[in-house]
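First residue of the sequence shown: 25, per the numbering used here; consecutive thereafter.
For glycine and all other residues, C-beta sits at the position ideal for the given N, C-alpha and C.
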Amino acid sequence: MSVVTYAVPFLVLGGAASVAVLLFVLWRRPVTLGGPEVVGFLGLAVGATMWSWSYALQLRASTLPEILAYNNLLWLGTGIVGASWPIFAFAVAGDDHWLTRRRIPIVSGVPLAFALLAVSNPAHELIYTDVALTTGEVVRSTVTPGIGFGAFLLWSFTVDMYVLWRLARSVRRSNGITRSRRLAVFGAGLLPMIAGIVSIVALSSGGPPIDFTPALFSVTTILTGVAITRYRLLDSIAVAQDHIVTHLSDPVVVVDGDETIRARNTAAARLFGGDDPIGRPVDETFGDQPTLVEAIRTRPSTGTRTVTVTVESEDDAGNPGEGSARRDATVDRGSDGEPRTDPDPTTVPRTFEVSVGSLDRTDATVLVFRDVTERLAAERRAEVLNRVLRHDLRNDISVIDGYLRLLEEEIGDSGSDATREALNVLSRRTDGMLSVVEQAALAETLADGRPEFRRFDLTDLVRDRIDQVRTEHPEVRLETSLPDDTVSVSAVGVFPSVVDNLIENAIEHADDERSRLAVDLDVDPATSTVELRIEDDGPGIPPDDLAVLVGTESSPEKASGLGLWLINRITTISGGSVDATDRDGGGTTVSVTLPLAEAESPAAAAAPTA
25 MSVVTYAVPF LVLGGAASVA VLLFVLWRRP VTLGGPEVVG FLGLAVGATM
75 WSWSYALQLR ASTLPEILAY NNLLWLGTGI VGASWPIFAF AVAGDDHWLT
125 RRRIPIVSGV PLAFALLAVS NPAHELIYTD VALTTGEVVR STVTPGIGFG
175 AFLLWSFTVD MYVLWRLARS VRRSNGITRS RRLAVFGAGL LPMIAGIVSI
225 VALSSGGPPI DFTPALFSVT TILTGVAITR YRLLDSIAVA QDHIVTHLSD
275 PVVVVDGDET IRARNTAAAR LFGGDDPIGR PVDETFGDQP TLVEAIRTRP
325 STGTRTVTVT VESEDDAGNP GEGSARRDAT VDRGSDGEPR TDPDPTTVPR
375 TFEVSVGSLD RTDATVLVFR DVTERLAAER RAEVLNRVLR HDLRNDISVI
425 DGYLRLLEEE IGDSGSDATR EALNVLSRRT DGMLSVVEQA ALAETLADGR
475 PEFRRFDLTD LVRDRIDQVR TEHPEVRLET SLPDDTVSVS AVGVFPSVVD
525 NLIENAIEHA DDERSRLAVD LDVDPATSTV ELRIEDDGPG IPPDDLAVLV
575 GTESSPEKAS GLGLWLINRI TTISGGSVDA TDRDGGGTTV SVTLPLAEAE
625 SPAAAAAPTA
């Protein structure tokens, strides 16, 4: 039984397997057409099928015209495979950026040009000459290879060697699922190359006149199909993720459903020093970070959660004050483009905000470490500077205010109206500056992100402020409606400043000396809320200030001061809302709504309220 008896079924089955894998992949994992890895795979599958089946038909043909006709189809399949394989391999290796607009026509165009030369060979005989029919174990054509055929072999093996080298390099520098993908494709490309070399050596030494390359390219299609279905090779999102994660300056770690680390990018290496965490359980790797381990185990199915950890991380400069972004931008790289690691790096404590989330359509967890060491240090420095400045300003303003009062007492009624007015203006300015300093302190408290909550009796709080107004501003016509019972709310510790600011603004912007101020406090049991309403008869609130007060404008820059922004911010953080409306006949009604505090336990009820 001749070798053709075995070769033909093998070639037919190989082509059928290529078609089956292609259809299965398109059915099992829909892909977006257009990416280099997708175009490369489709061309590879179609070309391998055409090559295998046309070669099988050529081996079964018995006349020279039939053999030459199938040979033309064979060359077309060869050209398609030769054009598709480098594009596919470069995309998988993460080197698709190498495929520029100038290189693609060369890499893909040359194999197709050779195929067209082979089809049109009778016109120029550049590929082969002296065509004859030979009978024997196999009825085949014999030819004398032309210069074009030698150039084709040289081109094909040169490109294959270069592509396999790029794939091998990408396998070495990757890990986890990415390495498995690239290793499968590397094996898929190595087999046909070995088959081609074996076939050439066997044919030149008098062996069977069979080329096993097309059959092995069918195996290539099968292996890439496995990589596609098992490792999401053709998922455009996965390919994009590979490229982005590999080049991301932030450390990224992937944990599988068994709580084992399966992948990391290059930036994550400095988190673990010289120990590679791949294959290690998270409770061993992050044993000193129980909050992070718990976040991994309780990760949300959608969205992400963030935890803050401090770890001993490599610092090539040995200086914790140097930013990681700067180090990444100036990192020393070797001739292969990979970052060089200091053989004796310095470890420093660094703080990371870790984003913990799920990987789409898998049970894996993705950890993205954002280095916030410098940011936190800058915030601490700014906080200290702000405190020092506020302290110095407060002291200086107090000194100025003290001297102003001495001047007022010294001048008394003997000074001119202009002098007394100037002193009044200066006094108001110093009061305003002190108010700005206090408001800046409040803003810093809120910016901390962890404001302290306290329980307030809103009835007592408002009543105290009303009594204060009666004492300090006897000219104001007050109208109040307050409940007799305790109204408890849980709010930010600085919430009393909201009541102060609302009342002071209403008095300050009154139209006349006998301004009206109405303060109401209403409890709504149906919604478990309390509403504080303050009405005045002033000129109303300017649109920009109003937008900041009710929260439709989040930036305080458009308002006339920090006070209105603080009113909204403090109320919002306390779980409430602010509203403002113009009153008929002039004036404004500002409403602050807060949820009632939950009933206290006996022990808590015994504690004093603010």
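- Item | Rounded straight-line distance, which links the Cα of Leu207 to that of Leu97 | 31 Å
- Residue span of the beta strand (DSSP E) that contains Pro146, given as start and end: Element bounds for Pro146: not the beta strand (DSSP E) but the alpha helix (DSSP H), 145-148.
- Starting from Phe114, trace the alpha helix (DSSP H) both ways and give me its first and last residue. 88-116
- Task: Going by DSSP, name the residue or residues bridged to Glu559.
- Result: Ala542, Thr613
- Task: State the CB to CB distance for the pair Ser512 and Leu620, rounded to an integer number of angstroms; the pair is presumed to be in contact (CB under 8 Å).
- Result: 7 Å
- Buried or exposed: Gln313, going by 16 or more other Cβ atoms within 10 Å of its Cβ? buried
- Item | Buried/exposed call for Gly101, threshold 16 Cβ in 10 Å | buried
- List the DSSP bridge partners of Ile246. Paired residue(s): none; Ile246 is not in a bridge.
- Query: DSSP three-state call for Ser451: helix, strand or coil?
  - Reply: helix
- Task: Using the DSSP secondary-structure output, state which residues sit across from Gly381 in a beta bridge.
- Result: Thr328, Val390
- Three-state secondary structure assigned by DSSP to Ser422: helix
- Message: Among Val167, Val187, Ala571, Ile171, whose alpha-carbon lies nearest the alpha-carbon of Leu88?
- Response: Val167
- Message: Just list the residues that DSSP pairs Asp514 with in beta bridges.
- Response: Strictly speaking, residue 514 in this sequence is Ser, with Asp absent from that position. Note: Ser514 sits in a beta bridge opposite Arg479.
- Task: Pull up the CB-CB distance for Leu588 and Asp606, whole angstroms please, since I reckon it's below 8 Å.
- Result: Not really, about 16 Å apart at Cβ, beyond 8 Å.
- Message: In this structure, how does DSSP classify Ala621 when only helix, strand and coil are distinguished?
- Response: coil
- Query: Going by alpha carbons, who is nearest to Trp13 out of Leu506, Ala115, Tyr152?
  - Reply: The requested residue 13 does not occur in the structure, where the chain is confined to residues 25 to 634.
- Under the assumption that Val331 contacts Val378 (Cβ atoms under 8 Å), give the Cβ distance between them as a whole number of angstroms. 5 Å
- Message: Which same chain residues end up closer than 8 Å to Gly213 when comparing Cβ atoms and leaving out the 5 residues on each side of it in sequence?
- Response: Trp109, Ala113, Asp184, Val187, Leu188, Leu191, Thr244
- Does DSSP classify Thr495 as helix, strand or coil? helix
- Task: Look up Leu502 in the DSSP assignment and say whether it is helix, strand or coil.
- Result: strand
- Item | Contact under 9 Å by Cβ, Ala542 with Leu502 | yes
- Message: Assuming Ala388 and Gly281 are in contact, meaning their beta carbons sit under 8 Å apart, how far apart are those beta carbons, in whole angstroms?
- Response: 7 Å
- Counting only the same chain and skipping the five closest in sequence on each side, list residues whose C-beta sits under 8 Å from that of Ile594. Leu466, Leu470, Ala515, Val516, Val518, Phe519, Ser521, Val522
- Task: Could you please give the first and the last residue of the uninterrupted beta strand (DSSP E) stretch that includes Ile285?
- Result: 285-288
- Report back the beta-carbon spacing between Thr328 and Val380 to the nearest angstrom; my notes put them in contact at under 8 Å. 6 Å
- Message: Is it buried or exposed, Val486, if we count other Cβ atoms within 10 angstroms and call 16 or more buried?
- Response: buried
- Item | beta strand (DSSP E) segment containing Val602, residue limits | 601-606
- Buried or exposed by the 16-neighbour rule on C-beta atoms within 10 Å, applied to Tyr427: exposed
- For the beta strand (DSSP E) that Val278 lies in, which residues bound it at each end? 276-279
- Is the beta carbon of Ala239 sitting closer than 9 Å to the one on Gly67? no
- Three-way DSSP call (helix, strand, coil) for Leu141 in this model: helix
- Message: Starting from Leu295, trace the beta strand (DSSP E) in both directions and tell me its first and last residue.
- Response: Looking at the DSSP string, Leu295 is not in any beta strand (DSSP E), and its letter there is neither H nor E.
- Task: Please go through the same chain and pick out, in chain order, the residues whose beta-carbon is closer than 6 Å to the beta-carbon of Gly176, but skip the five residues on each side of it.
- Result: Here residue 176 is Phe; the residue named in the question, Gly, does not match the sequence. Here the set comprises Phe138.
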